[in-house]
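Residue numbers (our numbering): 133 to 705.
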Ligand SMILES: [Zn+2]
């Protein structure tokens, strides 16, 4: 297969646009743009990837003014595309048929058994949009009825992450605080013969669900069931020795309806309730009751729960409780990343990642550490609307939104990878230079005295020959005298001349630092060994004024956030 000329010209155009927007073109961003325009090009990913790589490399080695020039040739076309995109996203309306202004109440229901991740961002921001649209309420509901999983640390981290995302709640409540009333609801359904106590072991329960054949407990009379229920509450059973099951339909096509578990026994202490309870409701029993009794009008959730909707309403019907309305949309997933607790724990245990805030992850704290702005997460999460078509998205889409937002505040600095020394005769005593920290936003200037020892990149150094005249970007022209051993040159004026421009920094005051380029965490199902590429070198002296969290754009390298001031480590955005 060969790529069509239309695909090839799109690769070139978007590499130029990407370099124009972010200082440097990124393979991932160009790939996803081209694939979105030409889905057919995916049929030979290897070919596409190599074509993109070669074009991105070419563009990244071009001088800035050449990129500017080529960009302006395409700019009308880009403007038209941006306008269509803006129109499209304005079309996403966040609404629910039948929802009423002033009467809308929804909730965000995390289990405090882990950290929030990008997948949670979509429901929470949609809920927040709906709250605004209907002048309604948004509650924070901790679904905490599994003492084995849950910890106060997770409650705290969830609240901290939500606050960082800019979300405010009208009230906050916990399922575990409602256990006594949940027991009463249980007694009521058991007493009516709508649920029964089953003492089969886990394997037998599974077998009976798979085969659709009832165990003997399903036909127990109500008095026997109530007696066993009392025994459960009084501590007469150990963990997993008895469960309460909905007396439903073992032959149901919807497997969640095959006499699901409503209560189970767990004697381990609970982070919030201590040893007060050992009979715990399942999500399926607890959630509909908590929603209905707390005034929730609308449950807004991703569609992997759709199978459970029938059960949700069956529990409420058995109790004669009001039904909230459920609206589902597709789940948001990031390709080549991990959000499951099990997978993340494995990666931490094998020391492949450092913790839940490892910048390769898509937990909210990892995104925060990496320099992703809350507003970018919001825009990204909402850009998919409330539709049901699956969204597995490359993280570059989020990064692109973020870079656009970060751009205005990002100071432009020089970074030199594996520096080479250059001694410039006649430079000492020349007027110092003052350079803008941003080309179009007034972020101030940085000023350097002229010093005879400067550092340039070893790649640039390799291309130099005696007699060459080059321009140290935005500053001085120099003529190369000798390149044997160290490089020596002579000062040749400051006026902007037509000459090769190279990045440089004063050796005096330069700051050692390392840039971490962050790539996909996983490759298929396994850990991507190349997920961090470290580039070490020096940055210009101004870098010592930066604070942790500051975002900069290193010319020719792209956007980075200062992650550790002690180690002068920057993370790629
Ligand atoms: Zn049984």
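The C-beta atom is built at its ideal place from N, Cα and C for all residues, glycine as well.
Exposure label - residue i; buried when at least 16 CB within 10 Å
i, result
"residue 679", "exposed"
"residue 629", "exposed"
"residue 698", "exposed"
"residue 705", "buried"
"residue 413", "buried"
"residue 293", "buried"
"residue 693", "buried"
"residue 282", "buried"
"residue 572", "exposed"
"residue 604", "buried"
"residue 171", "exposed"
"residue 597", "exposed"
"residue 241", "buried"
"residue 277", "buried"
"residue 335", "exposed"
"residue 474", "exposed"
"residue 234", "exposed"
"residue 260", "buried"
"residue 268", "buried"
"residue 181", "exposed"
"residue 143", "buried"
"residue 366", "exposed"
Sub-8 Å separation of residue i and residue j beta-carbons
i, j, result
"residue 396", "residue 372", "yes"
"residue 642", "residue 672", "yes"
"residue 179", "residue 135", "yes"
"residue 509", "residue 493", "no"
"residue 626", "residue 607", "yes"
"residue 634", "residue 683", "no"
"residue 574", "residue 419", "no"
"residue 305", "residue 273", "yes"
"residue 184", "residue 159", "yes"
"residue 308", "residue 410", "no"
"residue 515", "residue 462", "no"
"residue 360", "residue 337", "no"
"residue 586", "residue 648", "no"
"residue 511", "residue 639", "no"
"residue 447", "residue 416", "yes"
"residue 331", "residue 374", "yes"
"residue 250", "residue 479", "no"
"residue 377", "residue 393", "yes"
"residue 228", "residue 270", "no"
"residue 703", "residue 454", "no"
"residue 433", "residue 466", "no"
"residue 742", "residue 582", "Outside the displayed span of the chain (133 to 705) sits residue 742, for which this structure offers no information."
"residue 253", "residue 226", "no"
"residue 379", "residue 327", "yes"
"residue 175", "residue 167", "no"
"residue 74", "residue 388", "Absent from the structure is residue 74, since the part of the chain shown begins at 133 and ends at 705."
Opening and closing residue of the alpha helix (DSSP H) in which residue i lies
i, result
"residue 597", "Premise fails: residue 597 is in no alpha helix (DSSP H) and is neither H nor E."
"residue 337", "334 to 343"
"residue 331", "That residue, residue 331, is in no alpha helix (DSSP H); it is neither H nor E in DSSP."
"residue 418", "415 to 425"
"residue 152", "137 to 154"
"residue 476", "473 to 481"
"residue 537", "527 to 539"
"residue 700", "Segment: none, residue 700 is in no alpha helix (DSSP H) and carries neither H nor E."
"residue 315", "311 to 323"
"residue 164", "159 to 169"
First and last residue of the uninterrupted beta strand (DSSP E) at residue i
i, result
"residue 375", "375 to 378"
"residue 235", "No beta strand (DSSP E) contains residue 235, which DSSP labels as neither H nor E."
"residue 566", "565 to 568"
"residue 554", "551 to 557"
"residue 685", "683 to 686"
"residue 366", "Where residue 366 is concerned, there is no enclosing beta strand (DSSP E), given that its DSSP letter is neither H nor E."
"residue 449", "Not the beta strand (DSSP E): residue 449 falls in the alpha helix (DSSP H), residues 441 to 451."
"residue 301", "Careful: residue 301 lies outside any beta strand (DSSP E) and carries neither H nor E."
"residue 192", "Here residue 192 belongs to no beta strand (DSSP E); instead the alpha helix (DSSP H) covers 177 to 192."
"residue 588", "585 to 589"
"residue 493", "That residue, residue 493, is in no beta strand (DSSP E); it is neither H nor E in DSSP."
"residue 766", "For the chain, the structure presents residues 133 to 705; residue 766 sits outside this window and is missing."
Any non-hydrogen atom of ligand 2 within 7 Å of residue i CB
i, result
"residue 684", "This structure does not include ligand 2; its bound ligands are ligand 1."
Neighbour flag for residue i against chain D, beta carbons, 8 Å
i, result
"residue 355", "The question asks about chain D, but that chain is absent: this structure has only one protein chain."
Check: Can you list every residue whose CB sits closer than 5 Å to some heavy atom of ligand 1, going in chain order?
Finding: Matched residues: 330, 332, 347 and 349.
Notebook entry, point to check: Can you list, in chain order, the stretches of the alpha helix (DSSP H) that have 4 or more residues and sit fully within the segment 233 to 295?
Noted result: Entirely contained in the segment 233 to 295, the alpha helix (DSSP H) runs reaching 4 residues are, in chain order, 250 to 265.
Next item on the list: List in chain order: all unbroken beta strand (DSSP E) runs of 3+ residues lying wholly within the segment 603 to 667.
Entry: Runs found: 608 to 614, 619 to 623, 632 to 634, 636 to 638 and 643 to 650.
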